[in-house]
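Contents: one structure, followed by commentary.
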Amino acid sequence: MAFEAMFEPIKIGSQTIRNRVVSTAHAEVYATDGGMTSERYVKYYEEKAKGGCGLCICGGSSVVSIDSPQGWWSSVNLSTDRIIPHFQNLADAVHKHGGKIMIQITHMGRRSRWDGYDWSTLLSPSGVREPVHRSTCKTIEEEEIWRIIGDFAQAARRAKEGGLDGVELSAVHQHLVDQFWSPRVNKRTDQWGGSFENRMRFGMEVLKAVREEVGDEFVVGMRITGDEFHPDGLDHEEMKRIAAYYDATGKVDFFGVVGSGCDTHNTLANVIPNMSYPPEPFLHLAAGIKTVVSVPVIHAQNIKDPNQATRILEAGHVDLVGMTRAHIADPHLIAKIKMGQTDQIRQCVGANYCIDRQYQGLDVLCIQNGATSREYMGLPHIIEKTRGPLRKVVVVGGGPGGMEAARVSAERGHDVTLFEAKDQIGGQITTASRAPGRDQMAGITRWYQLELDRLGVDIRLNTPADEATIKDLRPDIVLLATGGAPHMTQVADWGFDEDPEKSLIVSSWDILDGKVEPAKNVLVFDTICEFSGVSVADYMADKGSRVEIVTDDIKPGAAVGGTTFPTYYRTLYEKEVIMTSDLALHKVYREGPALVAVLENEYTGQMEERVVDQVVVENGVKPSETLYYTLKPQSRNRGQMDLEALYAIEPQPCLSEPGEGFLLFRIGDCTAPRNTHAAIYDALRLCKDF
Amino acid sequence: MSLPRKNPRLEWIARNRLHPDHAQVMAEQGASASPSQWMGPAGLVRRDPHRIGSIGPNGIKRIDRSGLLSSQAAASPGRQAKSEPQKPLVTIDEPAFIIAVVPDMAGGELTSHDRDVLGMARQLADADPARQGAVLAVVFGSHRETRFEHAGVDRLLHLGDERLEGYSPERRLGQLEALEREYSPERWVFPDSQLGGAELGRRLSVRLRERPATQVWQLLSRDNEWACECRGARERSDIVRTLPRCILALEECAEPVSETRHEVRAVELEGSVPEAMIRIDNLGQVAVDPASVALGEAEFILSGGNGIKNWDRFHHAAVQLRAAEGASRVAVDNGFMPRERQVGATGTWVSARVYIAVGISGAIQHLQGIERCNKVVAINRDMGCDMVKRADLAVIGDAEEILEALVALIDQKRTEEARHEAA
Amino acid sequence: MLNILIPLLLAVSLVLGAVGAFRRIAMWRRGRPSPVNIMKGLASIPRRYLVDLHHVVERDKYIAHTHVATAGGFVASMVLAIIVHGFDLASGILGWLLLAFTAIMFVGSVLVYRRRINPPARLSKGAFQRLPKSLIAFSLGMFLTTLPAVGLMPENAGSWVFALVLVVLVAWGLSELVFGMTWGGPMKHAFAGALHLGFHRRQERFGGGRSTGLKPLDLDDRTAPLGVIKPEEFTWNQRLGFDACVQCGRCEAVCPAFAAGQPLNPKKLIQDMVAGMTTGTDAKYAGSHYPGQSGEHQIGSGGVLVARKGEALVDPDTLWSCTTCRACVEECPMMIEHVDAVVDMRRHLTLEYGDTPGKGADVLDNLIATDNPGGFSPTSRMNWAADLELPLIKDRERTEVLLWLGDGVFDMRNQRTLRALIKVLRAARVDFAVLGNDERDSGDLARRLGDEATFQSLAKRNIATLAKHQFDCIVTCDPHSFHVLKNEYGDFGGHYTVYHHSGYLDRLIGADRLSFAPAMPGTVTYHDPCYLGRYNGEYEAPRAVLKALGLNVNEMVRSGYRSRCCGGGGGAPVVDVPGKQRIPDMRMDDIRETGAEIVAVGCPQCTAMLEGVVEPRPQIKDIAELVADALTDRPDPRHKADQQEPLEVIA
Amino acid sequence: MKRHESMASGSSGLSVAVLVSTGRHSLTGRPGRADQDARAVELALNVENSHIRLFHAGEPGEECREALRGYLGMGIDSISLIEQSADADVSAALEEILRESKPGLVLTGTQAEQGEGSGLLPYMLAESLGWSLIAGLVSIESIEGNQATILQALPRGQRRRLKVRLPAIATVDESAARARQSAFGPAQRGRIDTISHDSSTDEALAGLSIKAARVRPKRLKIVKSKSARDRFKAAAAKSEGGAGQVLSEVSAQEGAEAIFKLLQDENVLSI
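Chains as they are written, first to last, in the numbering used here: chain A, 338 to 1027; chain R, 2 to 424; chain F, 49 to 699; chain G, 14 to 284.
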């Protein structure tokens, strides 16, 4: 039996966990109504349990006190007994499938925002401000310390009464407990600061109070960091000492270990390592903690693959592996391993769409899986075969939308043909994956390629579909996912020309796709500020160009999420890319052998120039609509989608209406440029009822 | 670097922002020494943001907005040269005792196991500041190790006699006995490895009538006395015992030396070593079928990725090179190679002496899987790919042509060799 | 002349026949002893012949009618001929009767003759090609000879030439049919066959019974041979059984290994056993050989049937190709026990030489050291069910059902079946418990691989474990465990009521303890596991369960007692003898022929073998999975459960 | 020495002694053949024209006998069981037996599955008997006169050919051919001949504390820097070799030569 090590049950405290795989605590941003778990929340975890996950620890940063605001991230609020019946639903749903569920409880101290909800005064041991949340805070008083200790105990009681299997005390990510631990934040000289014992006191009192309240049977764990990576913070040796100190009490049932602190943007990116990181980059820290504690150790951070998980477990570095993003990408991960379908696992690529949304206070979604966290709406992870008529479905365009449309249609049992003009499927994903450190994006395409092959989809590469080729196939449904092209013509003075010889500017796609070689001195003008601009700058600098990236927005990469822009910045600065903001590209003209780019200051209108060899422009996508307008008049539905049905996740009414000819739909960027998730989501919700 | 020429008047003007010529002087100064900003013909300021600032006296980039010190600018900004920090050198002139270590020196270099064992020897030598010991390494035959000083070697006994080259346990034992007579090491430490240490260590122990501690995996300090923990009963038990004189230690028995340099003072055996009775003749290594060795164990791997177009030729090359075959995840997903050949974090971790990556760009998972390889060769079209950055040797060009040339070269050498033998 | 010669011929042939019979019996008796009740055995022959044997023969109507006419005609003619001609009592009805029977026999013989023109490949040729002519000669000769006796023809009619022809015809017929019967001619089957029916080593098979469990070896008796390597090491009645073979080749036609091109042909194997007892060579054998083999074979040096090195009559691969599916036994009109012979010889190879091929040695080592064939830690048996909280029987005073999980606990595929079964049992509120880590492999695999010692060790320890607990019955989803627990543990003192899960589910459905949602559309076929069907006669329950789910079963051509093996039995996948094609692929072709989208199975081995067939192929689902998928939550469960009467079969 | 030569190559064939120990299954601890010792027996059985004797020195008991039957089942008629106390140093007894029985070749496993398992015993015997010692034997290629040509195991599946003077004691590597199946019949019929022998107590044994082995995970990358940023970078960065040689714009031929040279330097090419 392969992957045996993953399937050996383990006891955590009184609970037997059926396997070694954990969905660790993360903020789901799904709780509603004052921090109550909702149907959406329950279904999201039920799906993981159904898929075989051993232990789910839900509710990242679920708060125990009312002065730790839960509203910003729609996290769970354990400061009131109102939560108890909600937990009962959650516990039943997970237990029904043999899973175990615990919740992370915390007081976030200074790590929050104060400017909303109850306009709380944030607390911290010494009133030191936290950079990531730009939050100021007061110095905590003795009375407040004891109140919060009591709040922890009450929160644990509520989890227990709600039928959950345990709580995880968060002493990581610079929450209140580890704010007391860290000399970086705790400058106190009273009994709560200074010496090791004093810094440990708050966490110890919390642990004691919680244990006292819930008894020995209920699981109580702690999540800690393995090294804060701050010069004035807690290092690995100190963390080992702390872990051993708490372990010696016998009151802790497990430790979860995370590498890196996260109170700066740069360290925060470590906590949820994106695709530019090596696999399990911080395993050594968790393994170090394991050498000093007597209870099981959980480690998550870039563990996504069953082979990788097995290797880690077999080696005995830790006892359980967190595969959290892996479960967001595919909650049926474990079931697929057990079914011998490891090649069918939709593997997390580390795009961090999930966590980057979370930091913007948006619900957690997966870049490549439209069903995740939409289980409550009835979006399926497993597409069932249709019981209705089998149809001929033609999909035009092999980008994310087209691939998902072809996959879902084929899973429904239809006869699917996919046209792709290029020599490989993937669309813009392929272009995106060419940038340094972004190659994992291609993993999305690889999964689709394997699935489409398995489902027997007829993929026609190097075949730009036209009216005749499509109609030759006598389709019942035509889906256009033809994407678009770089939008280079918006400003005439940029000097774009279809003829590359004459054009003064180059698109970022042409650079990344390798059609145009990077020149020596380059100006990248990026008005979109998503991944594409910083990617192309990074790519060119990597090839040896001197690059300046200019934007008229507030900073280059402004729209790149909180766990990803730091890794771009690390590499851009390292390669001496100049990042300039607030300047718009006004005009490009030739002067002798050089190009001169005229930039206009967004706020003063002042002009300045750059003398360069090449000007690269990233101005987003212009939809390709020609084919659509050719086919539209001939289609039964005139290309229209019933939005009410679409948004309600219901079948398009036209599917059941009789009539001659084909139905026409278009999805993704050929409608309006959005993103990968949007294209995939549209394809899924539209095609699941074909 | 030439000394900067000074013009005190211009410096004065540059410092004096109220001087009427200030702007012009500043512009001229900049223009002569790579300007960062100047006036373009269209009357718009032209900037070269790459040129802003210079390297200050501390070797750190400095931007002098005051202009006060700019004339002293020495160098334009650029990447700061990285230098390896020099570790302190430890010399032990009169050691209180000797810890003798006999490293395996596979391939003429210290193995990682050797380094671990030297690390353990270091612990034994340095434990008591009042009684400082020295680590003596015994090296047989020729070697190409250049970093003994970083591995914690105080004394090096290099026995270069060519008869000690290769597998020669009986002769080597004779030399170690001589060493025992002359230096009476306080302890003998061997790597307990199939490469030689396991055998030589046991031979010496029984010769010296010492009961060795074998498969030692950690030292323990008990009441000012050394003890050790060993594996016993084929990995099934742990045995704690007082530390004997002869120690055969497992990999990772101790951290290798990393913070100090050591003297590597050469020593020699004074007396003559009696001729050993030789009962074993080494007839040399035997070619084995690479397919019979597990991928994770393979010594030599030829690995193919997306850049391979003709897989038959790849397989042919692997056969000719007598290398085990590996593949990137992409090649496996695309169905060109079986799943069990996948190298990387999501496949097999390999530890080859030489790993040739053909047409593999080097996804981060793949790079992790080859972390333990000794030498990595990249054959790739893309000079900027991560595999080329990782490689010890990278050849940029058409993978198939290069492979074919390599196979032809090997063919040619083999024929020559065969002719040579026949003659 | 005739009235002298004919009685003389009769007398001579009878005497020669008696001598031959004596010698033949003595030859059989050179085998190992096997106690039988002689009188009872002899007395049982007619009924067994006419009922049990005919029951099998009747599966082929043409040959059944032919056989009735020919054999019935001959027996009657012979008896009458002795009376009519031997004692010259031709007058009256007897002569006419003799005429009638010889005429019937003649018709039968002609039918036999027709069968022999372009005979199917399974039939042996050689002497058997002669037989119809001999039959015709006898019936014709005797008919014509009798004509004068009843006065239809004048005495001494025709010339002496005619008389001589008649004598030759009768002599020919008598020599083939009377003493040919005991001297090894093709009619040997009648003589040996009749006695074999009487002295069969599995008496239980007659009268509709079933006897499929292997006979134990006495391992404590150090002098007893371990299995069989020489012909004399078979029991005498096994030898008798081999001699009963009529080389009809029905076994050959149904043998999955033969069809797959593996070197096994059950008919040839039995003939090799006969050759071993008699001539020591297969030179005269005129049927199909073992696939991939040809030429003559002699008994090995030292008189061994199977040679480890060099040549003998039987190659070890022949023995290891057998899946022990019992199709040959089921099909044999002479009720010969091929599988017993195969296992007897395997026993010798394994127990004496340790010559179990392929992965056999690993599997047996694992069974010895870990009590499961995969070598998994015996303490990890319940790992798969950590989340199911299964009740352990050791925590219970008694339970209705002891759920025997089998080694499928280590297999992720079979874990799904087990989960489904547990879901169903819970839905039906069955009071069940498991042995947990105390369970061991049932010993089936070891026994089929010939390792009787390991089998007995496992069996005895399992029986000792079971003796510690109180339960009403055992339920298992593994037909191999089912068979061993039900039919083979008895020899070691383990007697239990055992159900295969299909049978038990059928009962639960019958007792209205399960309710289902309407069946999904789609066609289903059902594959009978050998160890459930042929070994235990359970053909109906699985079909009844499928019917209860609202599924229509599209039967395969080969189903029920004629089901084709999946290739997974008898340790065949472990020893893995190569052939021209794989048995499961052939079975999948059978399945595809039905057009079914789902094939329902009831055995972990079958599931594994069939799922090993490359896709695209129909889905493979265990009956338990189909039942679990169709379950609906019962309304008002608690209330009903409290008043639930226990199933009468269990209580 | 002279006498030995006659033993080793006389007309009666080579006399091979196999020293076998009692094994324990790695998962269940059940007694049985020790894997390497069984491979040693297998090697001995494959030496042509040889006379094989099996010796076991240890505490007789049911478990011991059960384990020894595993060897008998390989088709061995008898095993000599030299009775020793549980805490005995068996080397003296074995030395004496070997001195008496004068085998040409002694085979045994590399390491025992029970007890200290130091693998020292064959070395002690070779030293005190003055015989050759071979470590890591995988197969015996030929025996001519008092010379044996054998293959020795090296790491990573590699092999080395050695010519050894007999008499010799060889430790058999776990990569030697696997032992044949042990059959029930011969295992039951084979004899275990008990030989009484004085035991000399292994005094050192009392000083050892033996426990079940702990899990010892392989070392992960070491990031020891005192600088938080260095630790951070070392963990988060992908592995790069740094100072590798890059050959661009060279012919395929030149590229191949550079690779060829590296392969030769690293000694991975077998030519």
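All C-beta atoms in this analysis are idealised placements derived from N, C-alpha and C, irrespective of residue type, glycine included.
Predicted model, so just to flag it, every value in this text is computed and none were measured.
For residue i versus residue j, is the C-beta distance shorter than 8 angstroms?
i: V925/A; j: I886/A; result: no
i: V103/R; j: V136/R; result: no
i: G88/G; j: V185/G; result: no
i: G643/F; j: N602/F; result: yes
i: H345/F; j: D365/F; result: no
Report the rounded CA-to-CA distance for residue i versus residue j, giving the unit in angstroms.
i: A75/R; j: E757/A; result: Any answer about A75/R is weak, because its pLDDT of 47 lies below 50 and its placement is not dependable; what the coordinates show is given next. C-alpha separation (whole angstroms): 56 angstroms.
i: S369/F; j: F290/F; result: 20 angstroms
i: L159/F; j: M235/F; result: 17 angstroms
i: V33/G; j: L249/R; result: 24 angstroms
i: A69/F; j: M75/F; result: 10 angstroms
i: A334/F; j: S172/F; result: 5 angstroms
i: L303/R; j: R354/R; result: 11 angstroms
i: G558/F; j: Q786/A; result: 48 angstroms
i: A185/F; j: S223/F; result: 11 angstroms
i: V523/F; j: L221/R; result: 55 angstroms
i: P42/R; j: L932/A; result: 13 angstroms
Would you kindly report the start and end of the unbroken beta strand (DSSP E) that includes residue i?
i: I347/A; result: I347 to I349
i: V647/F; result: I646 to V649
i: L32/G; result: L27 to L32
i: V521/F; result: For the record, residue 521/F in the displayed sequence is Cys; it is not Val. Note, C521/F: beta strand (DSSP E), Q518 to T524.
Identify the continuous alpha helix (DSSP H) that holds residue i and give its terminal residues.
i: Q709/F; result: Within the shown structure, residues of chain F are numbered from 49 to 699, placing residue 709/F beyond reach of any answer.
i: A47/G; result: It is not in any alpha helix (DSSP H) - A47/G carries neither H nor E in the DSSP assignment.
i: R464/F; result: M460 to A475
i: N644/A; result: P643 to A652
In the DSSP assignment, what are the bridge partners of residue i?
i: C296/F; result: The partner list for C296/F (beta bridge, DSSP) is empty, contrary to what the question assumes.
i: G233/R; result: S238/R
For the pair the segment 943 to 957 of chain A and the segment 982 to 989 of chain A, tell me if three or more CB-CB distances fall below 8 angstroms. no
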